[in-house]
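Number of protein chains: 2
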Amino acid sequence: MLTYDLRQADGPLYTYLYQCIKSDIIAGKLQPGEKLPSKRTFANNQGVSTITIQNAYDQLVSEGYVETQPKRGYFVADVDVVAGKGKRADINYEIHIPQEDEEEILYDLSKNEINPENFPFSIWAKVSRAVISEQKEALMKKAPTGGVRELREAIASHLYSFRGMMVDPNQIVIGAGTEYLYGIIIQLLGLEKIYSIENPGYRKLEKIYRQKGVKCKFASMDEKGILVSELERVKTDVAHICPNHHFPTGITMPASRRYEILAWANEKQGRYIIEDDYDSEFRMSGKPLPPLFSIDGCEKVIYMNTFSKSLTPTIRISYMVLPVHLANRFYETMSFYACTVSNFEQYTLARFIKEGYFEKHINRMRLYYKRQRRNIIKTIEDSWLGKVSTIIENDSGLHFLLKLENKKANEEFQAYLKKHKIKVNALSDYQWGQGVADEYVYIVNYSPLGTGAMSFR
Amino acid sequence: MLTYDLRQADGPLYTYLYQCIKSDIIAGKLQPGEKLPSKRTFANNQGVSTITIQNAYDQLVSEGYVETQPKRGYFVADVDVVAGKGKRADINYEIHIPQEDEEEILYDLSKNEINPENFPFSIWAKVSRAVISEQKEALMKKAPTGGVRELREAIASHLYSFRGMMVDPNQIVIGAGTEYLYGIIIQLLGLEKIYSIENPGYRKLEKIYRQKGVKCKFASMDEKGILVSELERVKTDVAHICPNHHFPTGITMPASRRYEILAWANEKQGRYIIEDDYDSEFRMSGKPLPPLFSIDGCEKVIYMNTFSKSLTPTIRISYMVLPVHLANRFYETMSFYACTVSNFEQYTLARFIKEGYFEKHINRMRLYYKRQRRNIIKTIEDSWLGKVSTIIENDSGLHFLLKLENKKANEEFQAYLKKHKIKVNALSDYQWGQGVADEYVYIVNYSPLGTGAMSFR
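Quick mapping for you: the protein sequence lines, in order, are chains A and B.
Using the numbering used here, read the first sequence as starting at 105 and increasing by one per residue.
Using the numbering used here, read the second sequence as starting at 105 and increasing by one per residue.
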């Protein structure tokens, strides 16, 4: 008769019994087909109640270690332990996390991180608290695939006042970052399309498209932006461009080129333009050009923007505005998807925009960046660096270009960066293959710096 | 000489002048190549400062409507208005949003929405406030692709205490919903794989896989879960299963079948199992089976879980645990992706778990659901419905099955649903093609109901 020493039980007796029997089954001490004692006999033998035995048996049955046969009792099941026992010798169990940078960096001007001083924490907290206390029902309600109505309305009205765009909130699709939205575009347009990105340009885009399973080519630019001849050369279906403030060159595509690109898109069905308007909020002076989306009369332009630059990249909220026929295709084919942004943050951002905090924040940041940019440019110009370099900028966005005049100056600059632990990317880092990108040109993302933090001495 | 009536200007004069000239260029009144007046002459003529003219010209130049020729002056550019003028007649501008349901519904038992009474709003708000006031730096810092360290550690320790799983936090990948994570899995394993889902099962999965560009087949189940013979029949590479509490049948896969499935995966390189453990927190009694992930010694199982059931689906936080070699592949090939969940919510959830609120919440909800389930089952059993139906459940999860005894009973039940505006899905809604799913079986997601809200009279 099966007997276990219940004094060793640490917890409910039935759990302990279950554990003991299971171990014996796995170890083979109890063989497949073997009959287990009846509940009453076993209970008497162990000096416990039949309920305890019942519970232990139930658990074993539910896990498949034991089978019941009606009116016959409990039997050990045939647990065919064919797989997964122990670790295989040929598997490597070490995880290798790529290290961002080996060297210590004091000033990282290779990317735009928001200085914590500049995020409106207290207002964000206040708005978020109000949302939690006043919109409980809405917070628990599944959002439509494209995002909650309030946020889409707030974005539509922001686009109207900031960019002169007239869009139906239903054309807006909210997603957890532009990278996610590119995936949605690929699903909308099909995996067989050829995407082109600007060269030089934001090279990560190429990785993203390739990783998501579509072809991605590079199309060269001239001083007006991407070339239609290049789009044709690489057989582009979908051109992903930043016509309003190209990264990294800072080029604004003039109207003539805009119409050329639209004409290119119109020549063939299935051609589209993704207009990436990532930093339009930070044009420092003058009136920005209307986006391509607004001058497109033929539903060829998908407009994309994000709150990464205007708020922080660590809140993952981006959006795109689809031409009507693509919005319809989106609702027809993808309504089953859940929106990827939390309701809590969608409602918070919607209020933040509606109550005017977003506009105030942008205005404040624009002034802040303008001052910061002026200080840094002046500091550079007044330093040794100013004597051997030129600054290329168009009073827009959160970066400018610094062009060293010759090889010697470039070497001095490199040594300076190393000595002061500064990380800056070169324009050529954004260039694929041999191209027009000048030598010795660097991209200075100045937003991570405080005002006047560096002296360039 | 170009002359405009500046009395009509509503705003800065330069903006108005810019507008006028631009309109004339677009309308063709100013022809390509035409020379514009010099700044001084134009300023004298209009009675404004040269700065005003300069600003207007600069804007026109930056937009490409005007070109400068060194030492010669300003000329109208060749704005080749080839595209995008006006709306094309053959485009449909109406957006059709699919309507969820035409009929009014009082009780929607077809899905699990969280009753707003049950979400721990005040604690969530408190924790989130603490995060905002104490972790500003961290909130602004780009999270690793897999998610912020604190949350991954919190999840690892939750998995250890709730599921007995030993995982390295670096094996955990956090994403904005399981649907997003399936996309990551597809990118990890390749687009050419064949995915299988359980039949009957969560049919939305099939749409998701298909939409993301991979083949998705149905593999039938018996009373122990998915059949290995079926996986082989449809040439599965990746089996997506819910072995711990199958939706909708409620089946828990016994140990014997688990080992069979693992053996199937081990037979061939490139085969994997996605273990969807979506509601493991709500096993009401007994000890749950260890997940497949834990008994897999050969790196074949990707474990997935979500906070949708345990907190709310409207906070989009899910995670997967990758076998080590896939974690390495993830870091090698996808480290450039940004994590799709906001830092604010990642840090909030991390604290919520670490400070014990999550465990308390789950315990409270488990009791709540247990009581609610008992009440509803009793109400059904005591009513006319109890006389013509059987309840099938295994004391787990947030749904049970209701089986009507015959066609007549089924018709009565249908009429009752209609009269009381109740929406319930049938088991056959989750069945693809002809299959084993019984007739007249319904899935009751009881969580949207309050305790004892329906009388079944």
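All C-beta atoms, glycine included, are put in the ideal place defined by N, C-alpha and C.
Since the structure is predicted, the reported quantities are computational estimates derived from the model, not experimental observations.
Could you say which of the options lies nearest to residue i if we only look at CA atoms?
i, options, result
"residue 366 of chain A", "A/331, A/161, A/549, A/408", "A/331"
"residue 570 of chain B", "B/145, B/483, B/168", "What the structure shows of chain B is the stretch from 105 to 561, and residue 570 of chain B is not part of that stretch, so it cannot be assessed."
"residue 453 of chain A", "A/298, A/537, A/417, A/255", "A/255"
"residue 342 of chain B", "B/378, B/351, B/360, B/286", "B/378"
"residue 209 of chain A", "A/245, A/521, A/551", "A/521"
"residue 344 of chain B", "B/352, B/320, B/356, B/333", "B/320"
"residue 65 of chain A", "A/338, A/395, A/346", "Nothing about residue 65 of chain A can be reported from this structure: the residues present for chain A run from 105 to 561 only."
"residue 504 of chain B", "B/528, B/517, B/524", "B/528"
"residue 392 of chain A", "A/501, A/518, A/275, A/120", "A/501"
"residue 55 of chain A", "A/154, A/202, A/153, A/141", "The displayed coordinates of chain A run from 105 to 561. Any statement about residue 55 of chain A would go beyond what the structure contains."
"residue 214 of chain B", "B/530, B/545, B/543, B/542", "B/530"
With a threshold of 7 Å between beta-carbons, can residue i be considered close to chain B, or not?
i, result
"residue 127 of chain A", "no"
"residue 200 of chain A", "yes"
"residue 300 of chain A", "no"
"residue 284 of chain A", "yes"
"residue 174 of chain A", "no"
"residue 131 of chain A", "no"
"residue 324 of chain A", "no"
"residue 236 of chain A", "yes"
"residue 617 of chain A", "Here chain A comprises residues numbered 105 to 561, so residue 617 of chain A is not present and cannot be evaluated."
"residue 315 of chain A", "yes"
"residue 266 of chain A", "no"
"residue 385 of chain A", "no"
I'd like the list of long-range same chain contacts for residue i, defined as Cβ closer than 8 Å, with 5 residues on each side in sequence excluded.
i, result
"residue 370 of chain B", "402, 404"
"residue 239 of chain B", "451"
"residue 317 of chain A", "290, 295"
"residue 388 of chain B", "470, 473, 474, 477, 499, 500"
"residue 189 of chain A", "Reliability fails at residue 189 of chain A, whose pLDDT of 40 lies under 50, so the model's placement of it is uncertain and no value is given."
"residue 246 of chain B", "442"
CB-CB under 6 Å to residue i, same chain, minus the five flanking residues each way: which ones, in chain order?
i, result
"residue 281 of chain A", "420, 422"
"residue 536 of chain A", "303, 322"
"residue 113 of chain B", "120"
Which same chain residues, not among the five before or five after residue i, have their C-beta less than 7 Å away from its C-beta?
i, result
"residue 159 of chain B", "118"
"residue 335 of chain A", "300, 323, 343, 368"
"residue 187 of chain A", "Residue confidence for residue 187 of chain A is low, a pLDDT of 33 falling below 50, so the modelled location carries little weight and cannot support an answer."
"residue 122 of chain B", "160, 163, 164"
"residue 312 of chain A", "283, 286"
"residue 395 of chain B", "267, 269, 348, 379, 381, 407"
"residue 374 of chain A", "341"
"residue 153 of chain B", "147"
"residue 426 of chain B", "275, 277, 406, 434"
"residue 193 of chain A", "Because residue 193 of chain A sits at a pLDDT of 47, beneath the cut-off of 50, its placement in the model cannot be relied upon, and the following sentence gives the value as read from the coordinates. No residues qualify anywhere along the chain."
"residue 542 of chain B", "507, 531"
Report back the beta-carbon spacing between residue i and residue j to the nearest angstrom; my notes put them in contact at under 8 Å.
i, j, result
"residue 279 of chain A", "residue 445 of chain A", "7 Å"
"residue 493 of chain A", "residue 507 of chain A", "6 Å"
"residue 138 of chain A", "residue 183 of chain A", "Not really, about 12 Å apart at Cβ, beyond 8 Å."
"residue 475 of chain A", "residue 550 of chain A", "No, residue 475 of chain A and residue 550 of chain A are not in contact; Cβ-Cβ is about 11 Å, not under 8 Å."
"residue 414 of chain B", "residue 466 of chain B", "6 Å"
When the cut-off is 7 Å and only beta carbons count, does residue i lie next to chain A?
i, result
"residue 420 of chain B", "yes"
"residue 333 of chain B", "no"
"residue 220 of chain B", "yes"
"residue 449 of chain B", "yes"
"residue 407 of chain B", "no"
"residue 295 of chain B", "yes"
"residue 291 of chain B", "yes"
"residue 123 of chain B", "no"
"residue 359 of chain B", "yes"
"residue 277 of chain B", "no"
"residue 178 of chain B", "no"
"residue 83 of chain B", "Only positions 105 to 561 of chain B appear in the structure, and residue 83 of chain B is not among them; the question remains open."
Going by DSSP, what residues sit across from residue i in a beta bridge?
i, result
"residue 527 of chain B", "B/212"
"residue 345 of chain B", "B/379"
"residue 173 of chain A", "A/177"
"residue 321 of chain B", "B/300"
"residue 362 of chain B", "Answer by DSSP bridge pairing: none, since residue 362 of chain B is not bridged."
"residue 122 of chain B", "Answer is none; residue 122 of chain B lacks a bridge partner."
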